[in-house]
Every structure is written in structure tokens, then in C-alpha cells.
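Presented below is the structure to which this report refers.
2 protein chains.
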Amino acid sequence: MSLSHTDLPGSPKPNERDCQATRKILDRVADKWSLYVITTLQGGSRRFNELKREIDGISQRMLTLTLRGLERDGLVTRTVFPTIPPRVDYELTELGRTLLEPVMALVAWADKNTQAIAEAQRRFDEEPKPEQATIQGVVYQRL
Amino acid sequence: MSLSHTDLPGSPKPNERDCQATRKILDRVADKWSLYVITTLQGGSRRFNELKREIDGISQRMLTLTLRGLERDGLVTRTVFPTIPPRVDYELTELGRTLLEPVMALVAWADKNTQAIAEAQRRFDEEPKPEQATIQGVVYQRL
DNA sequence: CAGGATCCTTTCAGATACTG
DNA sequence: CAGTATCTGAAAGGATCCTG
Chain H
1 MSLSHTDLPG
11 SPKPNERDCQ
21 ATRKILDRVA
31 DKWSLYVITT
41 LQGGSRRFNE
51 LKREIDGISQ
61 RMLTLTLRGL
71 ERDGLVTRTV
81 FPTIPPRVDY
91 ELTELGRTLL
101 EPVMALVAWA
111 DKNTQAIAEA
121 QRRFDEEPKP
131 EQATIQGVVY
141 QRL
Chain Z
1 MSLSHTDLPG
11 SPKPNERDCQ
21 ATRKILDRVA
31 DKWSLYVITT
41 LQGGSRRFNE
51 LKREIDGISQ
61 RMLTLTLRGL
71 ERDGLVTRTV
81 FPTIPPRVDY
91 ELTELGRTLL
101 EPVMALVAWA
111 DKNTQAIAEA
121 QRRFDEEPKP
131 EQATIQGVVY
141 QRL
């Protein structure tokens, strides 16, 4: 499922269409901000600025773009109330709520393994680098 | 960001440390290439170029970077065989295999809902844009 | 309040060349 | 084979200003 190269004639393409489709969905779902928006909308509908406040670090621009993408994919509904000041509510669709289950499983996994990963990182970072070598307990610096 | 708990009103930063940690993990896991590498390693250990061939569209550089990140997080092991030519095997760790379950659930979801999303996109893209308005069945172009 | 439009900087990622 | 190093164009993303 090459994205943009010339496919050689004769190259086997099992079911390239499905692969690309699945891939595109994963690209969206695997997106950092999408994930945050979805989990935040778990608690029910939110207004634009509520989302912005609850999703720490997101800019107004990225929130808009992310919401548009999710809306386009049918995962989120956008409801405009023509009041002054305007009010726009975002809510998960039925499809969006089905996505919640696998996504929350992922979040739960992350929550649970925070410690283990932090320790793995510490070990990795303390490994002797190519600039160093530890020989019989003595550290040598590469010249 | 309140991914896994509710923020009490009035408490500005409940336990930001845990949130940020979870967030970092999600950032890695939600990464496009990480997801592909993990699912590809589901079938057992792979060599570098095997991964490169099976993950279509990934560059050698991104594969290296992704593998380093996963190795650092303790999700993948890297085994070097000092042969000529060299051989390096990558394999999911125990921790990495526990990640497989939520990740595969996500992939299954994407697979299952490809059609629904494609239709939602089609509907969205056919909606009258701000440049157009449909009034009583007649389409007007904004000037 | 909820964005759209711009500008502008930073980061990402592909292509290429080189190495043990 | 399995990388590392470097360069560069493309893209992401933040900051800011403006409007219905």
C-alpha cells in the first residue's frame, strides 16, 4: 500500500484498497489530538472552549482541525446554537462511542504501565553508549 | 488533561505528573509507525529489512527511529548476531505483548468500520459549503 | 464564543551518501 | 545487512489578528 510511488506492473497487491483504508483510519485515530478529544468527549458533549481548557496544550487551531476531521469521519457531531454569544456543542456519535472502548483500553494500558516504561527508559539511557565502553567494571571513553 | 480521572473544580493541576506520563506513552503508542511496527512484530521476531519490507511506505530512517523509541520504552528487544553479514532481530518484549491486545482491538475497529467512515466522509464532503447555499432545492453560489 | 485567515518558526521525514 | 550522518523540502503547529 505504497502511498505515492509508481507501482511496478506485476507487483502483487493483495487487497491494497482495504489496507489503505484501514491505514487512513488508524492514522486519524492514532493521532495525538484526536485521541485526547475522543477521550474528553467520553464524559458527554462539550463546548469548544471547554474542550480547549480540558485538553492541556492544544491550540485553538489544532482543536478546530481535529474536530473537523473527526466530524468528517462521522465520529463527532457539531451542533450550533444560533445564540449570542454563539454556542457550539461537540458530541460523540454512535460510531464514535463504539470507538471509545478500544481507545479507553489503550489509555488504561498506558496508565497501568507508566512505571514500567519509565524504568525501561532509565535503564536504556544508562546503557553504555558507543562513546563509552564498560570493561570489567571500568568505564572507558572512546577517542 | 484529565484522561483517566475527573478534575475537581478548583484544583488547577491535580497530579500533572501522572497525566503527563500517560500522555507521553500515548504519544508514542499513538504514533503511526509505532503502531505498524508493533502489529507487524505480532507474528514473531523480524529482521530489520523484513520489517522494512512488510511495513509499506516506511523509510529506513523512520524505521530505525521508531525501533529505537520502542526499544527505549522496553516494548521491543534488539538482538545483534555478530555475523557477516550482520543480523539484527527485533521482537516484542513481554510488556510489548501486553500492548498487543489493546492495539489489535483498535486495528479491528478500524477494519470493521472502514465502510461507515468512508460513507460519513462522502456525506460530509457533499454538504453545502459556505460558498454555496441550498434554498428550497435550488443551489446558490455566494458572491 | 467560536472560529477563519495569516504569518512564521520548528519539526518531520525522505533522499542520498557513507560505514563496519 | 543494518545501520549512521547530513542535507533539504514539506508539513505541522503556535501566535496573532480579525469577524459574525
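Keeping their order, the protein sequence lines are chains H and Z. For reference, each letter of the first sequence is one residue, going 1 to 143 in the UniProt record's numbering. For reference, each letter of the second sequence is one residue, going 1 to 143 in the UniProt record's numbering. Just so it is clear, CB atoms sit at the ideal spot from N, CA and C, and this is done for glycine as well.
Of the choices the options, whose alpha-carbon is the least far from that of residue i?
i, options, result
"C19/Z", "V76/H, Y36/H, R47/H, R87/H", "Y36/H"
"Y90/Z", "L67/Z, M104/Z, I117/Z, A105/Z", "L67/Z"
"L70/Z", "L92/Z, Q121/Z, D56/Z, E126/Z", "L92/Z"
"A21/Z", "Q115/H, I84/H, G44/H", "Q115/H"
"L100/Z", "D111/Z, R23/Z, I117/Z, L75/Z", "L75/Z"
"N113/Z", "P102/H, K32/H, D31/H, D56/H", "P102/H"
What's the C-alpha gap between residue i and residue j?
i, j, result
"R97/Z", "V80/H", "44 Å"
"K13/Z", "P86/H", "Note that K13/Z scores a pLDDT of 44, beneath 50, so its modelled location is shaky and nothing firm can be said."
"W109/Z", "E119/H", "31 Å"
"L63/Z", "T83/H", "50 Å"
"R123/Z", "V88/H", "21 Å"
"Q42/Z", "T77/Z", "13 Å"
"D73/H", "P128/H", "47 Å"
"T39/H", "I25/H", "17 Å"
"R23/Z", "A30/H", "13 Å"
"I55/H", "I58/Z", "30 Å"
"S34/H", "A105/H", "15 Å"
"K32/H", "L65/Z", "18 Å"
"Q121/Z", "R28/Z", "27 Å"
"E126/Z", "R61/Z", "39 Å"
"G44/Z", "V107/Z", "18 Å"
"R53/H", "I117/Z", "28 Å"
Reducing DSSP to helix, strand and coil, say where residue i ends up.
i, result
"T77/Z", "strand"
"S34/H", "helix"
"I55/H", "coil"
"N113/Z", "coil"
"P128/H", "coil"
"P102/H", "helix"
"T83/H", "coil"
"G10/H", "Low confidence applies here, because G10/H scores a pLDDT of 36, under 50, leaving its location unreliable; read the following figure in that light. In the structure shown, G10/H sits in coil (DSSP, three-state: anything other than H, G, I, E or B)."
"R123/Z", "helix"
In the DSSP output, what is residue i paired with across the bridge?
i, result
"R47/Z", "D89/Z"
Are three or more beta carbon pairs between the segment 88 to 108 of chain H and the segment 47 to 61 of chain Z nearer than 8 Å?
The segment 88 to 108 of chain H makes no contact with the segment 47 to 61 of chain Z, as fewer than three CB pairs between them are under 8 Å.
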